[in-house]
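Chemist: So that we are looking at the same thing, I have put the structure below in structure tokens.
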Amino acid sequence: MNATESLNWLSPEKPYSIAHRGASAYAPPNTIEAFRLAAQLGADFWEVDLHITADNQIIAFHDENLRDGRALADLVYLEIKACTEEDEAPLFSSIIRMALDFDIGLYADIKALDAAAPTVRLLIEHGIDKAILGAFDPAILAALNAADTHYPHAALVPLGADPFEHAREADIIHLCWENMSRPQDFLDDAFFDHCHRTGQKVVLWHEEDPVRMAELRIKPVLGICSDRPELVKPFTAHKDWPVKIVCHRGLNRIAPENTLPAAHAAFSAGFSHVEVDVQVTADDALVVMHDLLLERTTSGKGPVSSCTLEKLRELDAGGWFSSHFAGEPVPLLAEFLDLAELYDASLYVELKSAPAAQVWRAVVEHGAEGRCFFWSFSQQALVDLRAIAADASIMVRRQDFKSLDDAMSCLEPGLIEFTFDDDWSEFEALRKSGISVMIAYGGDNPDMMRQIARARPDLVNLDNPLLFATIYSQASSIAN
Numbered sequence: 004m005n006a007t008e009s010l011n012w013l014s015p016e017k018p019y020s021i022a023h024r025g026a027s028a029y030a031p032p033n034t035i036e037a038f039r040l041a042a043q044l045g046a047d048f049w050e051v052d053l054h055i056t057a058d059n060q061i062i063a064f065h066d067e068n069l070r071d072g073r074a075l076a077d078l079v080y081l082e083i084k085a086c087t088e089e090d091e092a093p094l095f096s097s098i099i100r101m102a103l104d105f106d107i108g109l110y111a112d113i114k115a116l117d118a119a120a121p122t123v124r125l126l127i128e129h130g131i132d133k134a135i136l137g138a139f140d141p142a143i144l145a146a147l148n149a150a151d152t153h154y155p156h157a158a159l160v161p162l163g164a165d166p167f168e169h170a171r172e173a174d175i176i177h178l179c180w181e182n183m184s185r186p187q188d189f190l191d192d193a194f195f196d197h198c199h200r201t202g203q204k205v206v207l208w209h210e211e212d213p214v215r216m217a218e219l220r221i222k223p224v225l226g227i228c229s230d231r232p233e234l235v236k237p238f239t240a241h242k243d244w245p246v247k248i249v250c251h252r253g254l255n256r257i258a259p260e261n262t263l264p265a266a267h268a269a270f271s272a273g274f275s276h277v278e279v280d281v282q283v284t285a286d287d288a289l290v291v292m293h294d295l296l297l298e299r300t301t302s303g304k305g306p307v308s309s310c311t312l313e314k315l316r317e318l319d320a321g322g323w324f325s326s327h328f329a330g331e332p333v334p335l336l337a338e339f340l341d342l343a344e345l346y347d348a349s350l351y352v353e354l355k356s357a358p359a360a361q362v363w364r365a366v367v368e369h370g371a372e373g374r375c376f377f378w379s380f381s382q383q384a385l386v387d388l389r390a391i392a393a394d395a396s397i398m399v400r401r402q403d404f405k406s407l408d409d410a411m412s413c414l415e416p417g418l419i420e421f422t423f424d425d426d427w428s429e430f431e432a433l434r435k436s437g438i439s440v441m442i443a444y445g446g447d448n449p450d451m452m453r454q455i456a457r458a459r460p461d462l463v464n465l466d467n468p469l470l471f472a473t474i475y476s477q478a479s480s481i482a483n
């Protein structure tokens, strides 16, 4: 059944964010945790791979076989659960209930012919309105068409196949072109004119490259899949208050603090800055880690400064956060500078044990002087930085000075950080002098975030920027 004309949700103003097997960049794919994170990251749909077990349970799992080679279809559900990880192979019924709780659509990628009819029944029994039924296999699509459901059907088109021939009986053309070098070049006017004539919508492959995604977001498509669902619909500031959001050690609720995945998540979500803590190793390499000691966030022991870079890179800097990030290495400052350039974003660089001159040299070598601002608990480090870098943007904290004049006259700051304990009535004086205002808040209280929104600082430094972005998007909360 062609449903594209009868379902209003099939015509979104912007492409839907379809979380590919959940937020699978940050959790094992097709797991409850991956779907939960996808909701947190703003996904509109969860793409779920579906199989059927020997006892007729519909489960979320990509491959048709377990790791030991046994076929899912030959095993009852309890046998499958006995040899998979705790969060793996959840029941589709459990995912449906989660989707209802989060008000998220379901994109069912049906992998087995026998799973088609039970999948449809589950969706109908739970009263799901917003769902897409997809498959690579033409036999599955034929079975779905024969069932005459009200859900739109998507044909997943492999690389090399003619999209219009492969998807001729489908409502949605789902292009699986992620392995092409520039697939976006084929999404031209002629392609979309053809889609318009056939009355078909388009869903795009799972895309994780921010440069390609920037081109895809403006295409007239129904949705875009991504392991990073936040990348599809990133935060965008209002013109009347173009606030910049600093993510404290990255999106540290999504991925381990001060790691590249945490920075990817922050920048993918559209936030302007990632705060990084910079240390120096025994052999003078610049690495990103908060603590002076290794124990809390790595598998190592002892001071960071006593380890060589080679030894540090052998440590696990992600397993403490979740098993998904086990083996994540201690990152280099240079890697964060490269990542900021990739996303055209910025860094808040906190000098820990790293010498100011060495850090500034690295920033200059990357051409990132305009992408960074700096602070340190060590006043001497900031003095050293100002002595060698007249154009460095240095932050000072209002709490460290008796008066605003003292703060403004210290090291020619580019911005001053305030907390809830400081006097926010001083903001106007700073703005008149050309010094930016930043409010730092490490909590999760929505009312306090609304207070921040009403104050309209130039920057906010947060541990929970996703919550703040939600509050920011609610215009009434900002105005009142």
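In our numbering, the protein residues as written are 4 to 483.
By construction, the Cβ of each residue, glycine as well, lies at the ideal position given by its N, Cα and C atoms.
1. If we count Cβ pairs, one from each stretch, closer than 8 Å, do we get three or more for the stretch 231-240 versus the stretch 331-338?
2. Which one of 365, 477 and 429 has the shortest CA to CA distance from residue 450?
3. Locate the beta strand (DSSP E) running through residue 179, then write down its first and last residues.
4. So for residue 323, helix, strand or coil by DSSP?
5. My output table needs one value for residue 380: the three-state DSSP class, helix, strand or coil.
6. Do residue 517 and residue 377 have their CB atoms nearer than 8 Å?
7. Do three or more CB pairs link the stretch 242-257 to the stretch 210-221 at distances below 8 Å?
8. Taking only the alpha-carbon atoms, compute the straight-line gap between residue 303 and residue 176 and give it to the nearest angstrom.
9. So which of 370, 125, 172 and 132 has the shortest CA-CA distance to residue 138?
10. Quick one: measure Cβ to Cβ for residue 13 and residue 314, integer angstroms, because I've assumed they're closer than 8 Å.
11. Beta-carbon separation of residue 467 and residue 443 under 8 Å?
12. Any chance you could list the alpha helix (DSSP H) runs of at least 4 consecutive residues sitting entirely within the stretch 300-379, in chain order?
13. Quick one: using the 10 Å Cβ neighbour count with 16 as the cut-off for buried, is residue 311 buried or exposed?
14. Nearest-angstrom Cα distance between residue 419 and residue 396?
15. Please state whether DSSP places residue 203 in a helix, a strand or coil.
16. Can you give, in chain order, each stretch of the beta strand (DSSP E) that sits fully within the stretch 73-145 and has at least 3 residues?
17. Consult DSSP for residue 282 and reduce its assignment to one of helix, strand or coil.
18. Can you give me the C-alpha to C-alpha distance between residue 98 and residue 15, rounded to a whole angstrom?
19. Take residue 228 as the anchor and find which of 78, 110 and 364 has the nearest alpha-carbon.
20. Can you tell me where the beta strand (DSSP E) with residue 48 in it begins and where it stops?
21. Thinking C-beta only, is residue 112 closer than 8 Å to residue 51?
22. Given this structure, state the Cα-to-Cα distance separating residue 7 from residue 201, to the nearest angstrom.
23. Could you compute how far the alpha carbon of residue 256 sits from the alpha carbon of residue 60?
24. In three-state DSSP terms, what is residue 228?
25. Taking the alpha-carbon positions, what's the residue 373 to residue 343 distance?
26. Whose C-beta lies closer than 7 Å to the C-beta of residue 143 among residues of the same chain, with five residues either side of it excluded?
27. Under the rule that 16 or more other beta-carbon atoms within 10 Å means buried, what is residue 264, buried or exposed?
28. Count the CB pairs spanning the stretch 120-131 and the stretch 85-93 that are closer than 8 Å, and state whether there are at least three.
29. Sorted by chain position, which residues of the same chain lie with C-beta nearer than 6 Å to residue 159's C-beta, five sequence neighbours on each side aside?
30. Using the rule of at least 16 other Cβ atoms within 10 Å of the residue's Cβ for burial, across every protein chain shown, is residue 199 buried or exposed?
31. DSSP three-state label for residue 415, please.
32. Under the rule that 16 or more other beta-carbon atoms within 10 Å means buried, what is residue 24, buried or exposed?
33. Assuming the contact rule is C-beta atoms closer than 8 Å, residue 351 and residue 241 should be a hit. Round their C-beta distance to whole Å, please.
34. Note the first and the last residue of the continuous beta strand (DSSP E) segment covering residue 247.
35. Work out the CA separation of residue 469 and residue 407 for me, nearest whole Å.
36. Pull up the CB-CB distance for residue 57 and residue 77, whole angstroms please, since I reckon it's below 8 Å.
Modeler: So, from the listed chains and residues:
1. The stretch 231-240 is not in contact with the stretch 331-338.
2. Sorting 365, 477 and 429 by C-alpha distance to the C-alpha of residue 450 places 477 at the top.
3. No beta strand (DSSP E) holds residue 179; DSSP gives it neither H nor E.
4. Assignment of residue 323 by DSSP, reduced to helix, strand and coil, places it in the coil class.
5. In this structure, residue 380 counts as coil in the three-state DSSP scheme.
6. What is shown of the chain runs 4 to 483, which leaves residue 517 out entirely.
7. Judged by Cβ distances under 8 Å, the stretch 242-257 makes no contact with the stretch 210-221, as fewer than three pairs qualify.
8. The alpha-carbon atoms of residue 303 and residue 176 are separated by roughly 49 Å.
9. Cα-wise, what sits closest to residue 138 is 172.
10. In fact, because the Cβ distance is near 55 Å, the residues do not count as touching under 8 Å.
11. For the pair residue 467 and residue 443, the CB atoms are not nearer than the 8 Å cut-off.
12. Listed in chain order, they are 312-316, 336-346 and 359-368.
13. Residue environment: residue 311 is assigned as exposed (fewer than 16 neighbouring CB atoms within 10 Å of its CB, all protein chains considered).
14. Approximately 11 Å between the Cα atoms of the pair.
15. In this structure, residue 203 counts as coil in the three-state DSSP scheme.
16. Secondary structure remark: continuous beta strand (DSSP E) runs of at least 3 residues inside the stretch 73-145, in chain order: 108-113 and 134-138.
17. Reduced to three states, the DSSP call for residue 282 is strand.
18. Residue 15 has its alpha-carbon roughly 24 Å from the corresponding atom of residue 98.
19. Taking only the C-alpha atoms, the option nearest residue 228 is 110.
20. Under the DSSP assignment, residue 48 falls in the beta strand (DSSP E) whose first and last residues are 48-55.
21. For residue 51 and residue 112, yes; Cβs fall inside 8 Å.
22. Bear in mind that a pLDDT of 40 at residue 7, under 50, signals an unreliable position, so the number given afterwards is only what the model happens to contain. Between the alpha carbons of residue 7 and residue 201 lies a gap of roughly 11 Å.
23. Roughly 33 Å between the two C-alpha positions.
24. When secondary structure is reduced to three states using DSSP, residue 228 falls in the strand class.
25. Cα to Cα, residue 373 sits roughly 11 Å from residue 343.
26. Listed in chain order, the non-local C-beta contacts of residue 143 below 7 Å within the same chain comprise 113, 116 and 119, local neighbours out to five positions each way being set aside.
27. With 16 or more Cβ atoms within 10 Å of its Cβ, residue 264 is classed as buried.
28. Fewer than three beta-carbon pairs drawn from the stretch 120-131 and the stretch 85-93 are found closer than 8 Å, and the two stretches are therefore not classed as touching.
29. In the same chain as residue 159, and ignoring 5 residues on each side of it, the C-beta atoms closer than 6 Å to its own belong to 137, 139, 177 and 179, in chain order.
30. With fewer than 16 other Cβ atoms from the protein chains shown falling within 10 Å of its own Cβ, residue 199 counts as exposed.
31. Coil at residue 415, not helix or strand.
32. The C-beta of residue 24 has 16 or more other C-beta atoms within 10 Å across all chains shown, which makes the residue buried.
33. Here residue 351 is actually not in contact with residue 241; their C-beta atoms are around 22 Å apart, not less than 8 Å.
34. For residue 247, the uninterrupted beta strand (DSSP E) segment begins and ends at 247-251.
35. The alpha-carbon of residue 407 is positioned some 31 Å away from that of residue 469.
36. Cβ atoms of residue 57 and residue 77 come within 8 Å of each other, at about 6 Å.
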